[in-house]
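Going by full-length UniProt numbering, the first residue of the sequence shown is number 1, and it counts up by one from there.
For each residue, glycine too, the CB sits at the ideal point set by N, CA and C.
Just so you know, these numbers come straight off a predicted model, no measurement behind them.
A short write-up of the structure that comes next.
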Amino acid sequence: MLNNLDEVFGALSDASRRAMVERLVRGPASVSQLAEPFAMSLPGVVQHLAVLEAAGIVSSHKTGRVRTVQLVPGGLGPATAWIGRQRLPAEARLDRLSVHLSPPEDLS
Numbered sequence: 001m002l003n004n005l006d007e008v009f010g011a012l013s014d015a016s017r018r019a020m021v022e023r024l025v026r027g028p029a030s031v032s033q034l035a036e037p038f039a040m041s042l043p044g045v046v047q048h049l050a051v052l053e054a055a056g057i058v059s060s061h062k063t064g065r066v067r068t069v070q071l072v073p074g075g076l077g078p079a080t081a082w083i084g085r086q087r088l089p090a091e092a093r094l095d096r097l098s099v100h101l102s103p104p105e106d107l108s
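Below you can see the structure in the form of structure tokens.
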């Protein structure tokens, strides 16, 4: 699990790859469509997609000469679960603190 988590966070550490994931949230896209907003070569985009695919975030298939990429359902799950585990204890501490900082109830 930790290896996959490291791969997911490593894949998401690059702004271009995060932008590609954000685009894929809207639905599958060809490699050419994913490359449009970037000032990089098509082989560069393919390298970024290979990192995302190795991390299990995206998958692709080729039909003729067109490679289509889509998000893998649950591919971001390891990162989401890890972040959730880190948030819950901190939120619980904040909830307890807010109880102590809240003004006393008016009992009249």
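Query	Result
Span of the alpha helix (DSSP H), counted from its first residue to its last, around LEU49	42–54
DSSP bridge partner residues for SER60 (one or two, in chain order)	VAL69
SER16, DSSP secondary structure in three states	helix
Test item: CB-CB of LEU52 and VAL45 under 8 angstroms	no
Beta-carbon gap between PRO73 and ASN4 smaller than 8 angstroms	no
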